[in-house]
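Asker: I'd like to ask some things about the structure below.
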Amino acid sequence: MAAIVQAVGLSKQVLSGDSPLTILHDVTFAVEAGESLAIVGASGSGKSTLLGLLAGLDVPSSGSVLLQGADMFALDEDGRARLRGELAGFVFQSFQLLPALNALENVMLPLELAGAKDARQRAEDSLQQVGLSARAHHLPKHLSGGEQQRVALARAFVTQPKILFADEPTGNLDAATGSQVIELMLELNRAQGTTLILVTHDENLARRCGKQLRLAAGQVI
Amino acid sequence: MNLLHLSLNLLRRDWRAGEWRVLLLALVLAVGSLATVGLFADRVRQALQQQAQSLIGADLRITSTRAFSSAYREMAQARGLQVVQSRTFPSMVAHGEQVLLSEIQAVEAGYPLRGKIEIDDGDVHATKAIPARATVWVDERLLRRLDMQVGDEVGIGARRFTVAARIVKDIDQSVGFASFAPRVLMNEADLAATGLVQEGSRISYRLLIAGDAKQVKDLRAALQKHLSGNEKMEDVRDARPEIRTALERAEHFLGLAALTAAILAGAAMALAARRFVMRHLDGVAVMRCLGAQQTQVLWLFLYQFILLGVVAVLLGGLLGYVTQALLVESIASMREAILPQPSVLPLLKAAVSGFALLLGFAFLPLLQLRKVSPLRVLRRELGLPEASGWLIYGLAVGVLALLFLWHAGSLKLGLAVLGGLLAGLLLFGWLAWLLLHGLARNAFILDSHWRHAFNNLARHGRSAAVQVVALSLGGMALLVLTLVRADLLQSWQGKLPPDAPNRFVVNIQPDQIQPLRDFFARQSLPSPELQPMVRGRLLSINDRAINGDSYLDQRARALVEREFNLSYMEQMPAWNELTGGKWWGRGGGEQLSVEEGIAKTLDIHLGDTLTYDVAGSRFTARVTSLRKVQWDSMKVNFFVIATPELLKDFSASYLSSFYLPPDKVRAGDELSRAFPNLLLIDTGAVIAQVRNIMDQIAQTVSAVFLFTLLSGLAVLYAALLSTQDERSHEAAILRTLGADSGYLRRLHLSEFAVLGGLSGLFAAAGAVLLGWVLARFVLEIPYQMNFSVWFIGVIGGVVVVTLAGWLATRRITRLPPLRILRAD
């Protein structure tokens, strides 16, 4: 199978005071469609930076990322946004639901941005899949952490993305709720055949992914 | 369509969450205050105009010593204008054995076209009617001098008339001081029967015209070509210099008041927009992450803004309309004056200004949102991109500048306020930042909560500086308005003290000077200041002969076609101000001093030589000084003053102005009897009218000031809201760490007190500076710094900001910290 995500010589440097600080150094790897990859490492090892670059949320100092063969950084900011909209779904540690929109509207958001006509129906189906139909009209602040992350999962899967980027999806949840959310995420992942790229420092969770990429001080070890 | 739907959906949700309320409130308040000020000023301006019109009884008045060509009336009627004619002439009025020379005015039905005559026919009332046939209305002076009452009979020419009413308030009086005699108003239809109108009679014809302003203007332009040398056309603007000055000042002032409201509204909106932007960073980052493009983000907000703008303009316009109506109702003199309805123009102006404010202060900062990095979903510390900040602030300033110039109604006023504002913004911002850091560094000597407060402010130096700048801007505008207002009122009312001259006496012959002084002494009146007067015609300027045809301007034509009243003196009158050249000392040779207004009209400059013809002999002298004259001082003023050497050999008469107290009115009558050749002119009526106009302006300004104050409070509200999120988050953390609510309260109050004190200090500094600039260069009144402004500024700032801050944050200190942290 062809690689859906490919990182080639990815480096990121930032200025710390006057001296450059290397956050990522020459990271190269590939993930094939339908695979799951866990990026693991200690705090500050560059996990989230790598995820940001893979999703085209940030630009590297050098190197490139190919999503389904398209060079992310040959595109401008809007081009990368369009590509993300077409290919990617996201789950974040801090859920990142829009506080002014209710659960259903949050799930509808990526569909509406993409101009989908049947946004409401698909969002309702997606909420049903995560077992939150009854809470569809609640605002995020009226949902528990676990419920908010399930809404985030519904939003991530509603566009049937080819790739799901997840940044510490259980970081803000207690163990039991976190475990439920992970089960749900993996199940949806399997059902849709989505490629999963997951940042975590939870070794148990990492082991449940097909591949692991271990980072230390910005380098693959 | 989906984007519009999403946009409106977001708007609805944001509205539910309260996100738009502050911005909408600020915009409604902005449009509301602009509309209020605009509509109110429009009505007052119209009323002032009408009131001033009542002085000439029309929009346009033509006077002549000969009967008018019927073409004038036809030209006016063809434009749909109302026309009435009146004839005025001097004649004896007889009552019993006594006779008195009076000014008789015969009027047609419909007279006067503007204003109302107030009469007392047993009941004092204003009327639009004219005397019935065989009756006359006479003024108080005639009743008093002829010892008669309403109901008595008088003889005028060959006819007898019943005095049907006493004239309480007259209008359409002669311009200048020709109206020296008691007035009698009669019906035009009775005129022929008196037998007084014959060949050679001294009759002054007046054609009064009124109607649609544009048509009147057109007619004025058309008539200008037709007028002969003995016909004079005047409207309210050139009818009386003192009224013109009052109107111009009123317009400046109302423009300034509108401007203040606009500045404050802009500041409130900028703060509200900043909060809106900060609260939408996360949402936009998520949308960008989910695939939203920059143009999509832009349109999401554009749709919302257009809708917000439309709603705010409608609500603001409505608010403005209702408020100005309530305002008018609440001021007794306005209610009684029955102000004309406002035109729709101020509403349109407010609407356009509202959209401009939205664009300049709110939308442009929001444009930055489309550039929010999607990476913020992973790294929350990423804020707004800074790069385009200058462009955005530049555009905001540009929009403000245009609004200023527009609302000020005068380039000079707009630029003065704008310049003061920009300079103030930069200076205040920099000083605030500097002071906050300086205070924080030295705060170690203070109590814990004060130290914490100063450190907090310094840590958020930029944000605190922005708040100080916004608050001081509001404060500055408020203080400027109070300062300038006080100065202006002082200047006006100072010029018209209660004992301002109310009588002019002219035609005093040199041999009457001493007897006149003796008469004043006998009546216990202060000895009058007498000014010599010589009448002369201006023949040439710099040896270039001039006449009416030398000028296009009607006023200039009229001026050179009649004789000037020249005077001579050694000392410049104290109520004149030298604006160019030098005043002569004793033995100044042959020099002239010209009033700057007439110099401009006639294109006379310092150093020019003027040639005059006085009673057949000529003299030529150089203009060595220019003077500014306070026409509204009611004192004797001359356009041209010469050195005594130049004029003392010509025969002169003398004139004087003096104050005749109400209890000594009879002394005036005795003066007329003792010196029959003297003309005693009652200027009291004119003074009363000018004072009435000024009082109305003062009341208007005070009322408008209330709205500026409201806008200032909106700035404060927006400033407090803009930091509320940060403040509650910090409070939650401090409470988690053990701070009790008393400590938090002291901390917050200390921060607000420092912010308020600094804002007040800067507001006072800015107000003093701007007040001086406005007074000196725009309103042209002397400026005296009011030291209490510093005290009021600082104490007011501390009290108002602390109180408002306490009201806004008292909830924070009581909420359980977890609720706040979870909500974050």
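From first to last, the protein sequence lines stand for chains R and V.
The first sequence begins at 1 in this note's numbering and counts up one residue at a time.
The second sequence begins at 1 in this note's numbering and counts up one residue at a time.
Virtual Cβ for every residue (Gly too), placed ideally from N, Cα, C.
Between the region 47 to 78 of chain R and chain V, which residues of the former have a C-beta closer than 9 Å to a C-beta of the latter?
Answerer: Ser48, Thr49, Leu51, Gly52, Ala55, Gly56, Leu57, Asp58, Glu77 and Asp78
Asker: Tell me which residues share the same chain as V/Val773 and place their Cβ nearer than 7 Å to its Cβ, disregarding the 5 neighbours each side in the sequence.
Answerer: Ala416 and Gly420
Asker: Hey, out of V/Thr643, V/Leu100 and V/Ile541, whose CA is closest to V/Met569's CA?
Answerer: V/Thr643
Asker: Just the C-alpha distance for V/Val397 and V/Arg274, rounded to the nearest angstrom, thanks.
Answerer: 16 Å
Asker: DSSP three-state label for R/Thr49, please.
Answerer: helix
Asker: Whose C-alpha, out of V/Leu734, V/Val469, V/Leu411 and V/His452, is nearest the C-alpha of V/Gly766?
Answerer: V/Val469
Asker: Residues in its own chain within less than 6 Å of V/Gly429 by CB, not counting five upstream and five downstream?
Answerer: Ala465 and Val469
Asker: Return the residues of the region 285 to 301 of chain V that lie within a Cβ-Cβ distance of less than 7 Å from chain R, sorted by chain order.
Answerer: Per Cβ criterion, the list reads Val286, Met287, Arg288, Cys289, Leu290, Gly291, Ala292, Gln293, Gln294 and Gln296.
Asker: Say whether chain V places a C-beta atom closer than 7 Å to the C-beta of R/Gly229.
Answerer: Nothing can be reported for residue 229 of chain R: it is not among the residues displayed for chain R, which extend from 1 to 221.
Asker: Out of R/Leu97, R/Lys12 and R/Ala116, state which residue places its alpha-carbon closest to the alpha-carbon of V/His5.
Answerer: R/Ala116
Asker: Can you tell me which of the three DSSP states V/Thr643 falls into?
Answerer: coil
Asker: Between the C-alpha atoms of V/Glu596 and V/Leu610, what's the straight-line distance to the nearest angstrom?
Answerer: 15 Å
Asker: What is the residue span of the beta strand (DSSP E) that V/Arg627 lies within?
Answerer: Element bounds for V/Arg627: Ser617 to Val629.
Asker: Is it buried or exposed, V/Leu11, if we count other Cβ atoms within 10 angstroms and call 16 or more buried?
Answerer: buried
Asker: With a 10 Å radius around its C-beta and 16 neighbouring C-beta atoms as the bar for buried, classify R/Pro20 as buried or exposed.
Answerer: exposed
Asker: Under 9 Å Cβ-Cβ, which residues of chain V neighbour R/Phe157?
Answerer: In chain V, no part has a C-beta under 9 Å from the C-beta of R/Phe157; the shortest such distance is about 13 Å.
Asker: Going by beta carbon distance, what residues of the same chain come within less than 6 Å of R/Arg150, once the five residues before and after it are set aside?
Answerer: Answer for R/Arg150: Val130 and Leu132, listed in chain order.
Asker: For R/Arg135, collect the residues of the same chain with a Cβ closer than 7 Å to its Cβ; drop the 5 residues on either side in sequence, then sort them by chain order.
Answerer: Ala103, Leu143 and Glu147
Asker: Looking at C-alpha atoms only, which residue of V/Leu559, V/Asp682 and V/Glu590 is the closest neighbour of V/Phe639?
Answerer: V/Leu559
Asker: In chain order, which continuous runs of the beta strand (DSSP E) of length 3 or greater are located wholly inside the region 29 to 92 of chain V?
Answerer: Counting only runs of 3 or more, we get 60 to 64.
Asker: Once the 5 residues before and after V/Phe177 are set aside, which same chain residues still bring their CB inside 6 Å of it?
Answerer: Confidence is the limiting factor: at V/Phe177 the pLDDT is only 31, short of 50, which leaves the residue's position unreliable and the question unanswerable from this model.
Asker: Please confirm whether R/Glu147 has its beta-carbon closer than 7 Å to some beta-carbon of chain V.
Answerer: no
Asker: Looking only at its own chain, which residues have a Cβ that is under 6 Å from the Cβ of V/Ser69, when we skip the five neighbours before and after it?
Answerer: none
Asker: Looking at chain R, which residues of the region 20 to 44 of chain V have a Cβ within less than 8 Å of any of its Cβ atoms?
Answerer: none
Asker: Can you confirm whether R/Pro110, when its beta carbon is compared against all beta carbons of chain V, has any partner nearer than 7 Å?
Answerer: yes
Asker: Starting from the C-beta of V/Val163, find all residues in its chain whose C-beta is less than 8 Å away, skip the five residues before and the five after it, and write them out in chain order.
Answerer: Thr135, Val136, Trp137, Val138, Leu143, Met148, Gln149, Val150, Gly151, Asp152, Glu153 and Val154
Asker: From V/Ala387 to V/Leu364, what does the alpha carbon distance come to, in whole angstroms?
Answerer: Per-residue confidence for V/Ala387 stands at a pLDDT of 47, beneath the threshold of 50, marking its modelled position as unreliable; the derived number appears in the next sentence. Each residue's Cα considered, the two are about 14 Å apart.
Asker: Pair every Cβ in the region 518 to 530 of chain V with every Cβ in the region 597 to 617 of chain V, then say whether three or more of these pairs are closer than 8 Å.
Answerer: Too few Cβ pairs lie closer than 8 Å, so no.
Asker: Helix, strand or coil: how does DSSP classify R/His25 here?
Answerer: strand
Asker: Taking beta-carbon pairs under 9 Å, can you tell me which members of the region 94 to 105 of chain R lie near chain V?
Answerer: Ser94, Gln96, Leu97, Leu98, Pro99, Ala100, Leu101, Asn102 and Glu105
Asker: Using the beta-carbon of each residue, which ones in chain V are nearer than 7 Å to R/Arg82?
Answerer: Per Cβ cutoff of 7 Å: Gly291 and Gln293.
Asker: Could you tell me the alpha carbon to alpha carbon distance between R/Gln128 and R/His138, rounded to whole angstroms?
Answerer: 14 Å
Asker: Would DSSP call V/Pro501 helix, strand or coil?
Answerer: coil
Asker: Could you list which residues in chain V have their beta carbon closer than 8 Å to that of R/Gly17, in chain order?
Answerer: Ordered by position in chain V, no residue passes the 8 Å Cβ test against R/Gly17, which lies about 17 Å from the chain.
Asker: Taking Cβ-Cβ distances below 7 Å as the criterion, which residues of the region 368 to 383 of chain V are in contact with chain R?
Answerer: Pro374, Leu375, Val377 and Leu378
Asker: Should V/Gln293 be labelled buried (16 or more other beta-carbon atoms within 10 Å of its own) or exposed?
Answerer: With 16 or more other Cβ atoms within 10 Å, it is buried.
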